[in-house]
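Asks: In the working numbering, the protein residues as written are 10 to 888. Built from N, CA and C at the ideal position, the CB exists for glycine as well.
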Amino acid sequence: MEKKTGSIEKILLDLDYNSKDLCIDRYYKYCICDDVEYAKGQMNLEKECDFKPYFYVDTAEPQEIYDYLASIDQELDLKKLGQEFEDKTSLKVQDLITNIEVVEKIVYSDYIPNGNEYSNIKEFNNENGSINEKENGKEKETIKKFEKNKRKICKIYVKYPNHVKIIREYFKEFGKSYEFDIPFLRRYMIDNEIVPLTKYSEKAQTDDKIPELNCIAFDMEIYCKKEPNAKKDPIIMVNLFSKDYQKVITYKKFENSEYNGCIDYVKDEKELINRTIEILKQYDVIYTYNGDNFDFPYLKKRANIYEIELNFSNNSQRSEKTKKLDKVNDESNDESNNNLKLIQPQIIKISKGGINRKSKIPGIVHIDLYPIARKLLNLTKYKLENVVQELFKIEKEAVDYGDIPKMWETEDSTLLKYAYEDALYTYKMGNYFLPLEIMFSRIINQPLYDTSRMNSSQMVEFLLMKRSFEQNMISPNRPSSSSYRERAKFSYAGGYVREPLKGIQEDIVSLDFMSLYPSILISHNISPETVLYDEKERKNMELGIIPKTLDELLSRRKRIKKLLKDKIQKNEFDEEYNRLEHEQKSIKVLANSHYGYLAFPMARWYSDKCAEMVTGLGRKYIQETIEKAEKFGFKVIYADTDGFYAKWDYEKAKTKIEDSGDALELSKEELIISTKKFLKSINDELPEGMELEFEGYFKRGLFITKKKYALIEEDGHVVIKGLEVVRRDWSNIAKNTQQAVIKALLEDGDINLAKKIIKKTIDDLKKGNIDKNDLLIHTQLTKNIEEYKSTAPHIEVAKKIKQRGDSVRVGDVISYIIVKGSRSISERAELLDFAKDYDVNYYIDNQVLPPVIRIMESLGISEDELKNSGKQFKLDHFM
Numbered sequence: 010m011e012k013k014t015g016s017i018e019k020i021l022l023d024l025d026y027n028s029k030d031l032c033i034d035r036y037y038k039y040c041i042c043d044d045v046e047y048a049k050g051q052m053n054l055e056k057e058c059d060f061k062p063y064f065y066v067d068t069a070e071p072q073e074i075y076d077y078l079a080s081i082d083q084e085l086d087l088k089k090l091g092q093e094f095e096d097k098t099s100l101k102v103q104d105l106i107t108n109i110e111v112v113e114k115i116v117y118s119d120y121i122p123n124g125n126e127y128s129n130i131k132e133f134n135n136e137n138g139s140i141n142e143k144e145n146g147k148e149k150e151t152i153k154k155f156e157k158n159k160r161k162i163c164k165i166y167v168k169y170p171n172h173v174k175i176i177r178e179y180f181k182e183f184g185k186s187y188e189f190d191i192p193f194l195r196r197y198m199i200d201n202e203i204v205p206l207t208k209y210s211e212k213a214q215t216d217d218k219i220p221e222l223n224c225i226a227f228d229m230e231i232y233c234k235k236e237p238n239a240k241k242d243p244i245i246m247v248n249l250f251s252k253d254y255q256k257v258i259t260y261k262k263f264e265n266s267e268y269n270g271c272i273d274y275v276k277d278e279k280e281l282i283n284r285t286i287e288i289l290k291q292y293d294v295i296y297t298y299n300g301d302n303f304d305f306p307y308l309k310k311r312a313n314i315y316e317i318e319l320n321f322s323n324n325s326q327r328s329e330k331t332k333k334l335d336k337v338n339d340e341s342n343d344e345s346n347n348n349l350k351l352i353q354p355q356i357i358k359i360s361k362g363g364i365n366r367k368s369k370i371p372g373i374v375h376i377d378l379y380p381i382a383r384k385l386l387n388l389t390k391y392k393l394e395n396v397v398q399e400l401f402k403i404e405k406e407a408v409d410y411g412d413i414p415k416m417w418e419t420e421d422s423t424l425l426k427y428a429y430e431d432a433l434y435t436y437k438m439g440n441y442f443l444p445l446e447i448m449f450s451r452i453i454n455q456p457l458y459d460t461s462r463m464n465s466s467q468m469v470e471f472l473l474m475k476r477s478f479e480q481n482m483i484s485p486n487r488p489s490s491s492s493y494r495e496r497a498k499f500s501y502a503g504g505y506v507r508e509p510l511k512g513i514q515e516d517i518v519s520l521d522f523m524s525l526y527p528s529i530l531i532s533h534n535i536s537p538e539t540v541l542y543d544e545k546e547r548k549n550m551e552l553g554i555i556p557k558t559l560d561e562l563l564s565r566r567k568r569i570k571k572l573l574k575d576k577i578q579k580n581e582f583d584e585e586y587n588r589l590e591h592e593q594k595s596i597k598v599l600a601n602s603h604y605g606y607l608a609f610p611m612a613r614w615y616s617d618k619c620a621e622m623v624t625g626l627g628r629k630y631i632q633e634t635i636e637k638a639e640k641f642g643f644k645v646i647y648a649d650t651d652g653f654y655a656k657w658d659y660e661k662a663k664t665k666i667e668d669s670g671d672a673l674e675l676s677k678e679e680l681i682i683s684t685k686k687f688l689k690s691i692n693d694e695l696p697e698g699m700e701l702e703f704e705g706y707f708k709r710g711l712f713i714t715k716k717k718y719a720l721i722e723e724d725g726h727v728v729i730k731g732l733e734v735v736r737r738d739w740s741n742i743a744k745n746t747q748q749a750v751i752k753a754l755l756e757d758g759d760i761n762l763a764k765k766i767i768k769k770t771i772d773d774l775k776k777g778n779i780d781k782n783d784l785l786i787h788t789q790l791t792k793n794i795e796e797y798k799s800t801a802p803h804i805e806v807a808k809k810i811k812q813r814g815d816s817v818r819v820g821d822v823i824s825y826i827i828v829k830g831s832r833s834i835s836e837r838a839e840l841l842d843f844a845k846d847y848d849v850n851y852y853i854d855n856q857v858l859p860p861v862i863r864i865m866e867s868l869g870i871s872e873d874e875l876k877n878s879g880k881q882f883k884l885d886h887f888m
């Protein structure tokens with residue numbers, strides 16, 4: 010696109026609602042083309058004052074609404090309306106309504122029965138094109154055939170966003186109302202079709218590159234011997250890491266530390282807080298790990314003690330470059346720039362939603378990485394150390410907050426290292442997730458601050474609301490509390506899982522349906538408004554909102570993957586390649602989340618029938634494909650939901666070719682060629698959009714039971730599913746023994762070596778040759794000690810910690826050793842420093858053997874054989 014000299018390019022970074030002037034504040038990062046440079050570090054504001062809150066009421070006659078409102082004598086509770094109404098003496102509902110407009114809309118709820126609850130549907134009336142819902146033999150509700158007919162409905166405007174829900178309560182007796190529960194700023198983004206974090210010039214999109222944002226990681230250390238208390242426990246370190254600033258701000262001198270060069274010394278805590286604000290205000294994005302619930306609320310409370318306002322305004326730093334921007338704005342004839350103001354982010358806003366808090370700085374995007382990790386990673390624990398290990402394969406050292414006071418007082422340089430690395434890895438994690446979150450934000454048209462806190466179902470919902478608006482359709486409402494409770498009771502059969510051929514298998518191919526559930530939704534046109542029709546009728550209908558949205562997503566991903574393939578062939582691993590890679594990943598996450606969303610009880614587009622139909626068809630396709638694979642010549646080893654592992658069935662092949670003189674054995678290359686021939690035969694028969702793919706070849710696999718197996722690729726990479734080795738709450742001796750056993754079986758195919766490893770570990774335990782650190786068992790406290798009704802080792806240890814004067818809190822990981830004695834196991838749990846010995850039999854029977862016994866039993870080896878010497882075996886004995 011040709012750029013005009015002096016024209017403005019801008020990227021929408023954030024949104025906020027200003028209740029003082031009733032405007033939406035749009036925070037932009039401005040880029041100036043050609044002869045005027047971007048004013049680095051400055052945030053720019055445009056005000057949108059014309060967009061007003063609204064909702065819909067199901068009537069085509071505004072006068073009916075006015076008459077109904079006139080009949081309401083009850084006065085409003087002024088306290089609920091906000092500070093703006095404190096000087097009023099009395100108000101009624103009609104006083105809050107600014108306008109009523111008649112519009113033509115497709116009302117989605119017309120085409121789904123009773124808010125998507127299908128249990129009472131009995132028959133479909135083809136004559137009049139409606140579905141008759143009956144309850145106790147009586148007609149309850151008539152649902153129209155899905156034809157997307159527009160009808161007139163009233164749109165009610167109010168002055169303040171928080172008044173929508175207040176007014177809507179009064180309309181419950183009048184009739185149905187819609188879209189009253191959509192947050193105002195999110196409503197604005199949907200209606201205006203604004204794509205965040207995308208460069209625009211003169212109202213046109215100029216490019217879709219991932220923008221360069223100035224990001225910093227923020228973390229703190231607190232001096233507390235018990236659970237942190239902001240009233241008395243000071244902040245002793247603030248840890249910051251960005252591209253151009255990597256410092257630990259503190260008021261303590263640390264001698265002889267390799268991290269001394271990374272210290273930014275201040276006089277005291279008050280100066281530390283002021284210094285922190287001065288640095289953070291210069292950035293576009295702030296990364297934290299649990300900053301919503303801890304870092305920012307704690308910082309704000311400590312700042313209040315010193316009467317410091319967490320004001321992130323930066324107007325004093327207006328540079329010459331900024332003045333050039335002013336000049337461009339003044340000279341521009343573009344009306345879109347008339348409301349442009351040069352300001353900086355302001356006061357931090359901490360709000361509570363459910364059990365969690367949210368910490369927002371208008372104009373600076375605060376990204377809390379904790380909810381992102383929970384959304385995108387499948388871990389048993391989500392402490393920073395766990396996520397670092399998962400993403401970067403690095404063992405980050407952990408420090409218990411109760412140990413920090415002693416480390417601080419003794420000037421232990423380990424504390425500096427720990428603090429510095431907290432910020433370093435938070436920064437690395439932020440940069441890892443940021444491009445993906447930007448893509449989510451763009452696809453669903455919601456601010457980055459919001460999308461980073463959404464789970465997968467919430468993102469799907471806002472994408473569907475966006476699509477609904479584009480189709481001039483009113484979205485369905487969220488369920489009432491009673492509907493939610495009913496939905497939560499619903500259960501249905503899941504995906505097909507086949508018991509594996511236990512033991513060691515070789516020359517394995519992995520076959521997988523590409524996006525099985527999304528492709529079923531599309532190819533069978535399954536959506537809440539179509540699911541009640543039979544297969545033939547659905548195929549002749551326009552795609553419902555769910556399959557249509559998915560079809561657009563998957564078609565987009567297919568185009569992107571083709572572009573990626575072209576770039577790989579040309580060896581072009583550039584900025585565009587990275588953008589495309591993150592875009593296809595974000596689309597994959599959203600597409601695969603649609604099925605789960607349909608069964609999510611709080612979903613607007615909830616449909617138990619859709620979810621049930623999808624899994625039923627999924628079972629049908631995978632079972633039919635397995636049957637065809639076995640007829641083709643494969644022996645299926647294991648199947649789970651949307652894919653299976655198989656090997657060539659030499660016994661079956663032998664009976665077919667024993668008289669032909671052909672070779673019986675297949676090389677790896679021949680096996681893959683045969684696999685691809687099979688894939689073509691299957692894919693030619695599947696509905697359009699469905700595809701079975703070759704996922705890979707494994708030289709050996711170990712299958713224990715359903716959802717528990719391990720495989721090794723030719724390059725030595727091991728894939729482990731469901732085995733205890735992937736859990737972090739077992740002791741090192743348990744994990745290390747199992748890892749060594751799996752390595753012996755997968756890499757070497759040596760059953761006897763696996764037995765020797767187990768036997769040696771048991772002997773070392775008996776002889777006392779094990780480091781006690783390898784015996785520590787790690788369990789997290791999931792609630793307060795007093796709330797546990799039964800006891801367990803980690804609970805007893807937590808009680809002992811409290812008795813010794815230290816504190817424990819929910820979320821702490823308790824590490825302990827089981828010592829010798831005649832008391833219960835829980836009573837014999839001790840911290841490392843207090844464990845003088847260990848219970849040999851406990852560790853053999855409860856730590857070493859359980860993770861490996863399932864593996865060895867799948868090979869026909871009993872527990873008794875592992876404890877005692879047994880006979881020698883060869884690999885082919887178990888195949």
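Starting from C163, follow the beta strand (DSSP E) in both directions and report where the run begins and ends.
Replies: Run containing C163: 160 to 167, per the beta strand (DSSP E) assignment.
Asks: Return yes when the Cβ of V469 is within less than 8 Å of the Cβ of H603, no when it is not.
Replies: Against a cut-off of 8 Å, the Cβ pair of V469 and H603 comes out as a contact.
Asks: Quick one: what does DSSP say G605 is sitting in, helix, strand or coil?
Replies: Helix, per DSSP.
Asks: In whole angstroms, what separates the C-alpha of V817 from that of A807?
Replies: Looking at the two C-alpha atoms, the distance is approximately 7 Å.
Asks: Can L559 be considered in contact with the ligand MG, in the sense that its beta carbon sits closer than 7 Å to one or more heavy atoms?
Replies: The model depicted lacks the ligand MG and carries no ligand whatsoever.
Asks: In three-state DSSP terms, what is R476?
Replies: Note: R476 maps to helix in three-state DSSP.
Asks: Apart from the five residues on each side of it in sequence, which residues of its chain come closer than 8 Å, Cβ to Cβ, to T746?
Replies: Closer than 8 Å at the Cβ level, and outside the excluded window around T746, lie I766, I767, T770, V857, P860, V861.
Asks: Compute the Euclidean distance between the alpha carbons of G627 and Y526, then round it to the nearest angstrom.
Replies: Going by the C-alpha atoms only, they are around 7 Å apart.
Asks: Expressed to the nearest angstrom, what Euclidean distance is found between the alpha-carbon atoms of S831 and Q748?
Replies: Looking at the two C-alpha atoms, the distance is approximately 32 Å.
Asks: In its own chain, which residues sit with a C-beta less than 6 Å from the C-beta of F609, not counting the 5 before and 5 after it?
Replies: Closer than 6 Å at Cβ, skipping near neighbours: S466.
Asks: Runs of 4 residues minimum, wholly inside the stretch 249 to 336: which ones carry the alpha helix (DSSP H) assignment?
Replies: List check, alpha helix (DSSP H) in window: 278 to 289, 305 to 314.
Asks: Do you know offhand how far N320's Cα is from E839's?
Replies: Between N320 and E839, the C-alpha separation is close to 47 Å.
Asks: In the stretch 404 to 431, which residue ranges form an unbroken beta strand (DSSP E) of at least 3 residues, counting only runs that do not cross its ends?
Replies: Those beta strand (DSSP E) runs which fall completely within the stretch 404 to 431 and span 3+ residues do not exist here.
Asks: Using the Cβ count rule (16 or more neighbours within 10 Å means buried), how would you classify I554?
Replies: It is buried - the Cβ of I554 has at least 16 other Cβ atoms within 10 Å.
Asks: DSSP puts R366 in a beta bridge; with which residues?
Replies: R366 pairs with K361.
Asks: Kindly list the residues whose CB is nearer than 8 Å to the CB of D651, restricted to its own chain and excluding five residues on each side of it in sequence; keep chain order.
Replies: Closer than 8 Å at Cβ, skipping near neighbours: G504, D521, F522, L525, Y526, G627, I631.
Asks: Would DSSP call F183 helix, strand or coil?
Replies: Coil, per DSSP.
Asks: Where does the unbroken alpha helix (DSSP H) through S528 begin, and where does it stop?
Replies: Element bounds for S528: 525 to 532.
Asks: Taking the beta strand (DSSP E) that Y75 falls in, what are its first and last residues?
Replies: Here Y75 belongs to no beta strand (DSSP E); instead the alpha helix (DSSP H) covers 71 to 79.
Asks: So what's G512 in DSSP terms, helix, strand or just coil?
Replies: It is a strand residue.
Asks: Buried or exposed: where does E344 fall if 16 or more other Cβ atoms within 10 Å of its Cβ makes it buried?
Replies: Annotation note: pLDDT 44 at E344 (below 50); position unreliable, no value reported.
Asks: For G710, count neighbouring Cβ atoms within 10 angstroms of its own Cβ and tell me buried if that reaches 16, exposed if not.
Replies: Classification for G710: buried.
Asks: Let's see if you can read the secondary structure: which residues bound the alpha helix (DSSP H) around D583?
Replies: That residue, D583, is in no alpha helix (DSSP H); it is neither H nor E in DSSP.
Asks: When we look at the beta-carbon of T684 and count the other beta-carbons within 10 Å, is it buried (16 or more) or exposed?
Replies: Per the 10 Å Cβ criterion, buried.
Asks: Is the beta carbon of V397 sitting closer than 8 Å to the one on I535?
Replies: No, Cβ-Cβ distance for V397 and I535 is not below 8 Å.
Asks: Under 6 Å Cβ to Cβ from D815, same chain only, skipping five residues before and after it: list those, please.
Replies: G411.
Asks: Here's a check: name, in chain order, each residue in its chain whose Cβ is nearer than 8 Å to the Cβ of E84, leaving out the five neighbours to either side.
Replies: Answer for E84: S99, L100, K101, listed in chain order.
Asks: Using 8 Å as the threshold, is the C-beta distance between G363 and Y36 below it?
Replies: Not closer than 8 Å, so no.
Asks: Spatial neighbours of A502 within its chain, please: CB distance less than 8 Å, with the 5 preceding and 5 following residues excluded, ordered by chain position.
Replies: Around A502: E621, T624, G625, R628.
Asks: Under the three-state reduction of DSSP, which class applies to H726: helix, strand or coil?
Replies: If DSSP states are grouped into helix, strand and coil, H726 belongs with coil.
Asks: Just to check my reading of the structure: I258 and V275 have Cβ atoms closer than 8 Å, yes? What is that Cβ distance to the nearest angstrom?
Replies: Right, the Cβ-Cβ distance comes to about 6 Å (below 8 Å), so this counts as a contact.
Asks: Would DSSP call F499 helix, strand or coil?
Replies: If DSSP states are grouped into helix, strand and coil, F499 belongs with coil.
Asks: For L875 and I517, what's the separation of their Cα atoms in angstroms?
Replies: Taking the straight line joining both Cα atoms gives about 28 Å.
Asks: When you compare the CB positions of F64 and I165, do they come within less than 8 Å of one another, or not?
Replies: Closer than 8 Å, so yes.
Asks: In three-state terms, what does DSSP make of M198?
Replies: Correct three-state label for M198: helix.
Asks: Excluding the 5 residues preceding and the 5 following A844 in the sequence, name in chain order all residues of the same chain whose CB lies nearer than 7 Å to its CB.
Replies: Taken in chain order, the residues that qualify are K781, I826, V828.
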